[in-house]
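*Asks:* In my numbering, the protein residues as written are 7 to 155. First the structure, which I've put down as structure tokens, then a few questions once you've had a look.
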């Protein structure tokens, strides 16, 4: 038995009519809710499929928006923006081979600039370097004073 994936249907999982009709009023609907609780959203399914493909540069991203014709990925690496522009057509053709992304036309990227760890580490390193230099200066001054005496 094979399961076919239709991108249009996967994109509409949260808005599917049977999910809208589910209420907590009867025992049957509670049972249905407990059975449907493990269903994944379209973004989770798309992320899982993207990680299975193991494409370079897209390994470090996470899909934040999915539709059959467009995906938006999120990352905190600035280099991915230029690489995605360069290799956009190649990524799209490789992703189209997967049934979930078969109608894909566009990939966009969102870069998170708030997580910049290099600046915070450099200020800490500068403080440690200044303290080390002060200790060396004090020790040199003590050594010079001893030699002069």
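Just so you know, even glycine gets a beta-carbon here, dropped at the ideal spot from N, CA and C. Treat the numbers as computed from the prediction; the structure is a model and nothing was measured.
Among residues of its own chain, excluding the 5 on either side of residue 70, which ones have a beta-carbon nearer than 6 angstroms to its beta-carbon?
*Replies:* Around residue 70: 78 and 80.
*Asks:* Put residue 68 into one of helix, strand or coil per three-state DSSP.
*Replies:* DSSP places residue 68 in strand when its eight states are reduced to three.
*Asks:* Going along the chain, which residues of its own chain have a beta-carbon closer than 6 angstroms to the beta-carbon of residue 63, five neighbours each way excluded?
*Replies:* These residues qualify, in order along the chain: 86 and 89.
*Asks:* Under three-state DSSP, which class holds residue 11?
*Replies:* Of the three classes helix, strand and coil, the one that applies to residue 11 here is coil, per DSSP.
*Asks:* Going by DSSP, name the residue or residues bridged to residue 80.
*Replies:* In DSSP, residue 80 forms a bridge with 68 and 116.
*Asks:* If you draw a straight line from the C-alpha of residue 92 to the C-alpha of residue 118, how long is it?
*Replies:* Roughly 20 angstroms between the two C-alpha positions.
*Asks:* Would you identify the three-state DSSP class for residue 138, choosing helix, strand or coil?
*Replies:* It is helical.
*Asks:* Does the distance from the C-beta atom of residue 11 to that of residue 110 stay below 7 angstroms?
*Replies:* The answer is no: Cβ separation not under 7 angstroms.
*Asks:* Give the DSSP-derived three-state secondary structure of residue 88 in the structure shown.
*Replies:* Residue state, collapsed to three classes: helix.
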